[in-house]
Amino acid sequence: MKLFFSPTTLQGDIWALAWYYQQRLEAGDDIDLAISVDNVKSYLENPLQKILPFSVPLIERTGWLFQNKIKSFNPDFLFCDNHLPSRKVFQNLVYLWHGFGWKEQRADIEFNTVHSDLDSLVGGVKNPSPNFIHQCYGNFELQHRVEFTQFHESNCLNMGMLYADYLLNPPVTRAQAAEFYPFKDATRPCVLLGFTWGFGRVFERWDVQEVELIDRLLKYLADREVNVIFRLHDRKRYEPEYQKMLENAANRYGNVFLKYKDHEMDNLLDVVMSDVIVSNFSGIIVYAYFTGAASIHINPMGLSDESHPLYRFKRGKQVLDTRASYMWKMPPEENGGMLASCEEELFASLEKAIDNPSCCQEISREFNKKYMETTDGNRCSSLDGYLRSWHSSGQKPV
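Take a look at the structure:
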């Protein structure tokens, strides 16, 4: 069985499955494994790669010859996320999304380009396709994909979160991870601020001055003597002025480690280090539901009733799409932790979480049971069994 991984970023579910298959390869399984990343040299310097290194050669994902490399490998299964090849250089395509999110994914808006690409690659996915499967985190998401994203139900597989295997049973200890952080005292509680760019500026629709609230937030965390991992998306996602403001705020406090996704690609060590995760509904916050960390969900809309804007990344910058409003897949109140829609709620939640990092564990378990259906720590093995059955029979399992 020949497996080729071609992710936008080697993290989350795709990293989990790639790592699982490396372990199977080392155990003697009859598989061929190839993994590609953007900027191999940079990836080799990532902390996780130093602790848990891939032994197979990493292939440079950029360049016009890259798809020829996939074709010459002739994979039985090509694993991708939102960026697909421009031509069919695989036998079958396994589509792994970035993570569980609250945003609606509509066929005519968010997935318009994806559907167009899949039409040419596998004959489309609105009808049954013998060469395509999309992993879903639970039946709720599967039904959303069918109804709103318009993937045919036979093209969706309720498999749960693959990454949860390594969140429930981390392959790296907190002490090992701590060696890659500049904190003076790594035994202190740690708060991860993991903000997405998808809603604009973090507190843009709150009735506050953002620069003042960001500074107040970091000062509070410094006063509480906790370590802070301030994890942001790729640098290109932020306006230079906003990025400078965030960097200046972080640099004022010695307990803050600011990092960007385009440089520090992996997030597993950040999650392992964290007792509390705070996010404006980035998918990273779901990881707290498995590790047992407290989670605080910042409502991007605050207390306002205005329509939800839809942001896109076009022509090298973040732009507001005026053709459509953003829609929730589920309301922000439906989550596995605490919700903050104003300053008072944010700081009250922080105080509760820092004092008792296990405060969200029960609601997290209930959320996972209802939506994620991922509790056994064997999701990668289950997907492996599905793919082996597909490969041996030559037909996608029903």
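So that you can map any letter, position 374 of the sequence shown is 1192 in the numbering used here, and since no number is skipped, the others follow by simple counting. In this text, a Cβ means the ideal position worked out from N, Cα and C, and glycines have one as well.
C-alpha gap between residue 870 and residue 917, whole angstroms: Going by the C-alpha atoms only, they are around 22 Å apart.
Suppose contacts are defined by Cβ-Cβ distances below 9 Å. Is residue 828 in contact with residue 1084 by that definition? Taking 9 Å as the Cβ cut-off, residue 828 and residue 1084 qualify as a contacting pair.
DSSP bridge partner residues for residue 910 (one or two, in chain order): The partner list for residue 910 (beta bridge, DSSP) reads 895.
At the level of alpha carbons, what is the spacing between residue 1005 and residue 1060? Approximately 32 Å, taken between the alpha carbons.
Taking DSSP as the reference, what is the three-state secondary structure of residue 1202? DSSP places residue 1202 in the helix class (H, G or I) of the three-state scheme.
Whole-angstrom distance between residue 861 and residue 910, CA atom to CA atom: The alpha-carbon of residue 910 is positioned some 27 Å away from that of residue 861.
Measuring CA to CA, which of 899, 905, 1095 and 925 is closest to residue 915? Residue 915 has its Cα closest to that of 899, out of 899, 905, 1095 and 925.
For residue 1076 and residue 1049, what's the separation of their Cα atoms in angstroms? Taking the straight line from one Cα to the other gives about 6 Å.
Report the rounded CA-to-CA distance for residue 807 versus residue 941, giving the unit in angstroms. Since the first residue shown for the chain is 819 and the last is 1216, residue 807 is missing from the structure and cannot be characterised.
What does the alpha-carbon distance come out to for the pair residue 1087 and residue 1093? Between residue 1087 and residue 1093, the C-alpha separation is close to 12 Å.
In terms of alpha-carbon separation, which member of 955, 973 and 856 lies closest to residue 1213? The residue with the shortest Cα to Cα distance from residue 1213 is 973.
So, with DSSP's three-state summary, where would you put residue 1024? In the structure shown, residue 1024 sits in coil (DSSP, three-state: anything other than H, G, I, E or B).
Per DSSP, residue 824 forms a beta bridge with which residues? For residue 824, which the question treats as bridged, DSSP gives the partners 898.
Alpha-carbon to alpha-carbon, residue 935 and residue 978: Each residue's alpha carbon lies about 25 Å from the other.
Determine the extent of the alpha helix (DSSP H) in which residue 1091 is found, giving its start and end residues. DSSP places residue 1091 inside the alpha helix (DSSP H), whose first and last residues are 1086-1091.
Which residues in the same chain have their Cβ closer than 6 Å to the Cβ of residue 1010, if we skip the five residues on either side of it in sequence? Answer for residue 1010: 1047, 1088, 1092 and 1095, listed in chain order.
Quick one: residues in its chain with C-beta nearer than 7 Å to the C-beta of residue 1098, no 5 flanking neighbours on either side, listed in chain order? Hits under 7 Å: 1013, 1014, 1017, 1020, 1116 and 1118.
What does the Cβ neighbour count give for residue 1030, buried or exposed, with the cut at 16 atoms within 10 Å? By the 10 Å Cβ count, residue 1030 comes out exposed.
Residue closest to residue 1197, alpha-carbon to alpha-carbon, out of 837, 1176, 1008 and 867: Distance from the Cα of residue 1197 is smallest, within the candidate group 837, 1176, 1008 and 867, for 837.
Determine the burial state of residue 912: buried for a count of at least 16 other Cβ atoms within 10 Å of its Cβ, exposed for fewer. The residue is buried, with at least 16 neighbouring Cβ atoms inside 10 Å.
Nearest-angstrom Cα separation, counted from residue 1023 out to residue 1159: Answer to the nearest angstrom: the Cα atoms are 10 Å apart.
Taking the continuous beta strand (DSSP E) assigned at residue 1115, which residues delimit it? Element bounds for residue 1115: 1112-1116.
Have a look at the DSSP bridge pairing and note the partners of residue 1050. Looking at the DSSP assignment, residue 1050 forms a beta bridge with 1078.
Give the straight-line distance between the Cα atoms of residue 1207 and residue 951, rounded to the nearest whole angstrom. One C-alpha to the other measures close to 14 Å.
Excluding the 5 residues preceding and the 5 following residue 1216 in the sequence, name in chain order all residues of the same chain whose CB lies nearer than 7 Å to its CB. Only residues of its own chain outside the window of five on either side were considered, and among them none has a CB closer than 7 Å to the CB of residue 1216.
So what's residue 1190 in DSSP terms, helix, strand or just coil? Residue state, collapsed to three classes: helix.
Compute the distance between the beta-carbons of residue 820 and residue 895, then report whether it is under 9 Å. A Cβ-Cβ contact shorter than 9 Å links residue 820 with residue 895.
Quick one: any contact between the stretch 1100-1110 and the stretch 1177-1194, if contact means 3 or more CB pairs under 8 Å? The count of Cβ pairs closer than 8 Å, one atom from the stretch 1100-1110 and one from the stretch 1177-1194, reaches three, so the stretches are in contact.
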